[in-house]
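Participant: Numbering (my numbering), first residue to last: 17 to 344.
1) Alpha carbon to alpha carbon, what distance is there between residue 219 and residue 261?
2) Return helix, strand or coil for residue 50, following the three-state DSSP convention.
3) Go ahead and pull the three-state DSSP assignment for residue 298.
4) Kindly indicate which three-state DSSP category residue 210 falls into: helix, strand or coil?
5) Since I believe residue 210 is in contact with residue 181 (beta carbons under 8 Å), could you give me their beta-carbon distance rounded to a whole number of angstroms?
6) According to DSSP, is residue 105 helix, strand or coil?
7) Look at the Cβ atom of residue 119, then the Cβ atom of residue 190, and state whether they are nearer than 7 Å.
8) Please classify residue 100: is it buried, with 16 or more other beta-carbons within 10 angstroms of its beta-carbon, or exposed?
9) Quick one: grab the DSSP three-state call for residue 36.
10) Return the first residue and the last residue of the alpha helix (DSSP H) that residue 193 is part of.
11) Are there any heavy atoms of the ligand FAD lying less than 6 Å away from the beta-carbon of residue 227, as far as the coordinates show?
12) Classify residue 100 as helix, strand or coil using the three-state DSSP reduction.
13) Does residue 73 come out as helix, strand or coil in the three-state DSSP assignment?
14) Going by DSSP in three states, residue 165 sits in which element: helix, strand or coil?
15) Considering only the beta carbon of each residue, do residue 37 and residue 251 sit closer than 7 Å?
16) If we count Cβ pairs, one from each stretch, closer than 8 Å, do we get three or more for the region 127-140 versus the region 84-95?
17) Determine the direct distance from the alpha carbon of residue 272 to that of residue 340, and round the result to whole angstroms.
18) Between the Cα of residue 277 and the Cα atoms of 297, 90, 240, 58, which residue gives the shortest distance?
19) Leaving out the 5 sequence neighbours to the left and right, which residues in its chain are closer than 7 Å to residue 342 when beta-carbon positions are compared?
20) On the premise that residue 145 lies in contact with residue 111, defined as a C-beta separation below 8 Å, what is that separation, rounded to the nearest angstrom?
21) What is the residue span of the alpha helix (DSSP H) that residue 328 lies within?
22) Do you know offhand how far residue 232's Cα is from residue 24's?
23) Quick one, are the C-beta atoms of residue 124 and residue 195 less than 7 Å apart?
So, in structure tokens, the structure goes:
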């Protein structure tokens, strides 16, 4: 009888874990999840929902207002590209006079180019960079339903790189990303990229999708991460074509040869800032890191605006000639 009771309990526990893993994959990796829109976003990233009015929220509001106004200027162009049975959208900002320097600015999880990258695009464009801000698949104006946490989206970035080079073969390209966009940049870094891709910038990116969701399940949802993610790995592989551990910034950075600049804020509740040190450790190319004290998730340019953009621009300028790496 005792053995039967234990067996029944184990079956129930395993059943609950399988159900939880299936539910988690559906809400985390698919755009049409109503649960995430209603509850998940606030649970996973409380900084976006529990904001007290401070000097930093005033700075952020000013940056957003300037960025969104810049986004709608007539000099910008909205472009679309057919890719893998989907339509990808991006906003292009040309420098005047024409420059060969390009930045592809990549937004975060369940966000959009306009929401996350309009202000950095304004700053970069005003100092002479052409800037392309894509909406990743299943985000913004791009079509699709699957969200790959950077692993699928790295193929979007590669497609936009090829599109820029097809029109501007002398382009010198920097990949700049925040949050999931940073993970996308890091995951792209281990691919065979054209020689025109010179420099990488990753702001508050995670080490692996497995580690990121392990942190969120335990810290935000107070759930046992390991058994749920054990089964989630199988569901992700069957539904999306990759496992949570396979989607690794760390493994891709080990293959990267291009200079990379890291940022992270110490008050990040969405991606713990300790992950930046693991990403740094995996990188054998030229690398630098800037830690911003007390900055929440993707807010380093809010909490230390002048030093942030000065650091980015100086790093790009110093490393454009060093960033050829491996190419096709």
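By construction, the Cβ of each residue, glycine as well, lies at the ideal position given by its N, Cα and C atoms. Only a predicted model underlies this, so the values are computations on that prediction, with no experimental measurement involved.
Facilitator: So, to answer that:
1) 21 Å
2) helix
3) helix
4) coil
5) 6 Å
6) strand
7) yes
8) exposed
9) helix
10) Here residue 193 belongs to no alpha helix (DSSP H); instead the beta strand (DSSP E) covers 188-194.
11) The ligand FAD is not among the ligands present in this structure, which contains no ligands whatsoever.
12) coil
13) helix
14) coil
15) yes
16) yes
17) Because the pLDDT of residue 340 is 49, which lies under 50, any placement of that residue in the model is unreliable, and the question is left without a value.
18) 297
19) Residue placement at residue 342 cannot be trusted, given a pLDDT of 44 that sits under 50; the coordinates are not used to answer.
20) 6 Å
21) 321-335
22) 29 Å
23) yes
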